[in-house]
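As structure tokens, the structure follows; a few thoughts come after it.
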Amino acid sequence: MSGAELGRRLRERDLSAAPAALNLVEARRPGGPEEVAALLREVSPGALGGDAPAHVVGITGPPGVGKSSLLSELVAAWRCAGRTVAVLAVDPTSRRSGGALLGDRARIAVDPADRGVFIRSTAAGDTLGGLAASTRAAAQALAAAFDVVVIETVGVGQSETDVADAADTVAVVVQPGSGDVLQFLKAGIMEIPDVLVVTKADLGNIAESAVRDLRSALTALDAREVEVVAVSSIPPPRGIDELVAALDGHRAATDVAARRLHARRRHALADFAAEHGERGLRALGGRREAERLLDSLDPRLDVPSLRAALEENAAR
Ligand SMILES: Nc1nc2c(ncn2[C@@H]2O[C@H](COP(=O)(O)OP(=O)(O)OP(=O)(O)O)[C@@H](O)[C@H]2O)c(=O)[nH]1
Ligand SMILES: [Mg+2]
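In structure tokens, the structure reads:
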């Protein structure tokens, strides 16, 4: 099936198109960039008549913190509420620094007969802490069809920025008793996430003090609006409904259209710069000029179209 056809089916919220669309985006079948561009065009804001309906949620945190276990519970809660869910689990196994060496790693558990859930493990990009362009494209495609699209990434510190560019809401998952997120926040190394999640609340005191420490750090950073939610993903699960509410609350308080528009323009420029380097940017009159050019273009254009516009201008 062609990229355009897959994109059309996703736009009509046909969830069964998701596996083939992902295969195409991840270049597991021939067709190449043109087919992917055709797919993305069908799910662009222009074709959709507005922004994609999904809530795109980034879930990020260090290896072993409990992201996959938490997602099993979150997916169940969203399904109970009748929302369809797609999860892109960015697998760092190809990288040496990856966290997959843990013997007790959990998989996201879902009902295999449930057609309203789609889970795909996807390879991490080459850029450390960065999202592969194919992951961004996959999230965009899925966002046309599903109610919730999750991008799960491993890491802490620099990886949030990239996820923040692809997601409407970023939740950073914190291991109780480990001070790294707290230290990164205090030191300003890490951007303030939209929601903070302390896992393993069943461990008791250690989780409660993690919540307290994070709250006081947020207060000191003048970011009181950021919710800190403690969850437990082992039976009986705790805090899941609160987390669902916190994620929804963030989205309701965010100008999603503006955030996505900004991200699309950044991605187009990043992709252009990655391919054409400093010379390409110079041909556009420098980065500032390139940004100004992007700002002047139709806000409904998707990333490949924005990029094509940059290329056209650079060739002039
Ligand atoms: N006590 C307790 N253990 C948990 C909880 N959530 C996860 N775990 C355990 O923590 C370990 C790691 O959980 P995962 O869900 O695999 O963590 P992850 O963040 O997805 O790990 P990576 O995929 O390797 O980055 C497993 O042994 C889980 O059983 C929790 O709420 N309470
Ligand atoms: Mg995991």
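What the sequence shown shows, in my numbering, is residues 96 to 411, in sequence order. We put the beta carbon where it would ideally sit given N, CA and C, even for glycine.
Can you give, in chain order, each stretch of the beta strand (DSSP E) that sits fully within the stretch 290-321 and has at least 3 residues?
Runs found: 290-293.
Helix or strand or just coil, what does DSSP make of L356?
Translated into the one-based positions of the sequence shown, residue 356 becomes position 261. DSSP places L356 in helix when its eight states are reduced to three.
Please list, following the chain, all residues that have a C-beta closer than 7 Å to any non-hydrogen atom of ligand 2.
Every residue passing the under-7 Å Cβ criterion appears here: K162, S163, A184, R200, A201, E247.
Tell me which same chain residues have a C-beta within less than 7 Å of the C-beta of L277, skipping the five on either side of it?
Your numbering for residue 277 matches position 182 in the sequence shown. If we look at L277 and ignore the five residues flanking it on each side, its Cβ neighbours are D308, L309, A312.
Given this structure, state the Cα-to-Cα distance separating L280 from D397, to the nearest angstrom.
Reading the sequence shown from its first residue, position 185 is the one you call residue 280. Reading the sequence shown from its first residue, position 302 is the one you call residue 397. Approximately 33 Å between the Cα atoms of the pair.
Going by DSSP, what residue range makes up the beta strand (DSSP E) through S216?
The residue given as residue 216 occupies position 121 in the sequence shown. That run of the beta strand (DSSP E) goes 212-218.
Would you check if the distance between the CB atom of A133 and the CB atom of S97 is smaller than 8 Å?
For the purposes of this step, residue 133 is identified with residue 38 of the sequence shown, where counting begins at 1. For the purposes of this step, residue 97 is identified with residue 2 of the sequence shown, where counting begins at 1. It is a contact, given that the beta carbons lie within the stated cut-off.
Excluding the 5 residues preceding and the 5 following A402 in the sequence, name in chain order all residues of the same chain whose CB lies nearer than 8 Å to its CB.
As a working note, residue 402 is residue 307 in the sequence shown. Sequence check: residue 402 is Arg here, not Ala. The answer, listed in chain order, is A363, D366, F367.
Say yes only if the C-beta of D297 is nearer than 7 Å to one or more non-hydrogen atoms of ligand 1, and no if none qualify.
Indexing the sequence shown from 1 puts residue 297 at position 202. For ligand 1, at least one heavy atom lies less than 7 Å from the Cβ of D297.
What did DSSP end up calling R333 once you bin it into helix, strand or coil?
Residue 333 sits at position 238 when you count from the first residue of the sequence shown. R333 falls in the strand class under three-state DSSP.
Taking Cβ positions, are A184 and E129 nearer each other than 8 Å?
Numbered from 1 along the sequence shown, position 89 holds the residue referred to as residue 184. Numbered from 1 along the sequence shown, position 34 holds the residue referred to as residue 129. No, they are not a contact pair.
Span of the beta strand (DSSP E) holding L183?
Here residue 183 corresponds to residue number 88 of the sequence shown, with the count starting at 1. Start and end: 180-186.
Going by DSSP, what residue range makes up the alpha helix (DSSP H) through A404?
The residue labelled residue 404 in the question sits at position 309 within the sequence shown. A404 -> alpha helix (DSSP H) spans 398-410.
Taking buried to mean at least 16 other C-beta atoms within 10 Å of its own C-beta, is S192 buried or exposed?
Position 97 of the sequence shown, counting from 1, holds the residue named residue 192. Because the pLDDT at S192 is just 45, under 50, the model does not fix this residue reliably, and the value given afterwards should be weighed accordingly. So S192 ends up on the exposed side.
For R104, collect the residues of the same chain with a Cβ closer than 7 Å to its Cβ; drop the 5 residues on either side in sequence, then sort them by chain order.
The residue you call residue 104 lines up with position 9 of the sequence shown. So the qualifying residues of the chain are A112.
DSSP state of G156, grouped into three classes?
Taking the first residue of the sequence shown as position 1, residue 156 is located at position 61. Strand, per DSSP.
Are V326 and R333 closer than 8 Å when you measure CB to CB?
Residue numbering aside, residue 326 sits at position 231 when the sequence shown is read from its first letter. Residue numbering aside, residue 333 sits at position 238 when the sequence shown is read from its first letter. Yes, these two residues count as a Cβ contact at 8 Å.
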